[in-house]
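Beneath this line is the structure, given in structure tokens, with notes to follow.
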Amino acid sequence: MTDPTTMGPRELGAFVKRTSTPELRRLMHGDRRPAVLDEIFSNMPEVFRSDRAGALNAVIHWRVGDRPDGRTDDYEMTVAGGRCSVRKGHYLAPDLTLSIGGVDFLSLVTGQAHAVMLVMRGRLKTKGDLGLAAKFPTLFDPPKV
Numbered sequence: 101m102t103d104p105t106t107m108g109p110r111e112l113g114a115f116v117k118r119t120s121t122p123e124l125r126r127l128m129h130g131d132r133r134p135a136v137l138d139e140i141f142s143n144m145p146e147v148f149r150s151d152r153a154g155a156l157n158a159v160i161h162w163r164v165g166d167r168p169d170g171r172t173d174d175y176e177m178t179v180a181g182g183r184c185s186v187r188k189g190h191y192l193a194p195d196l197t198l199s200i201g202g203v204d205f206l207s208l209v210t211g212q213a214h215a216v217m218l219v220m221r222g223r224l225k226t227k228g229d230l231g232l233a234a235k236f237p238t239l240f241d242p243p244k245v
């Protein structure tokens with residue numbers, strides 16, 4: 101299988117689009133999962149749209165589930181001063197918590213799935229500021245594939 105950690109956002113989007121759900125599930129249950137998630141989260145500030153953030157100051161917790169051990173991979177995103185930063189773990193009190201499975205996360209961040217549809221299907225759970233939850237997807241430019 102191709103190594104998604106070596107791909108830019110557009111290449112990753114094309115990879116997710118052409119890869120079957122069972123193959124993506126194997127990837128997200130395998131030993132490459134931490135590296136894949138770390139790479140995606142480290143690239144989020146690059147696709148952040150500061151022009152759409154305005155004066156937003158928020159802490160967003162991500163909980164990416166479906167790990168084989170039943171736990172989640174946790175990341176904290178801070179939006180402040182028109183900038184976005186991400187770090188592994190949860191440290192600050194969140195304004196919004198997003199909980200999602202691994203394959204759905206790949207689909208969401210690559211533009212293959214829409215956040216509203218994932219919420220409606222119960223595959224993306226939100227807790228906290230619902231206004232922020234509605235605005236959040238517009239703050240990033242998913243790759244066009």
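Every number in my numbering is 100 more than the matching position in the sequence shown, counting from 1.
C-beta: ideal position from N, C-alpha, C; glycine also.
| Query | Result |
| --- | --- |
| Given 8 Å, three or more beta-carbon pairs between the region 119-132 and the region 218-226 | no |
| Nearest-angstrom beta carbon gap, Val147 and Phe240 [assumed within contact, 8 Å] | 5 Å |
| Segment limits, alpha helix (DSSP H) that includes Thr121 | Thr121 to His129 |
| Start-end ranges of the alpha helix (DSSP H) lying completely within the region 169-233, minimum 4 residues | 202-209 and 215-220 |
| Separation of Asp195 from Arg118, as counted between CA atoms | 34 Å |
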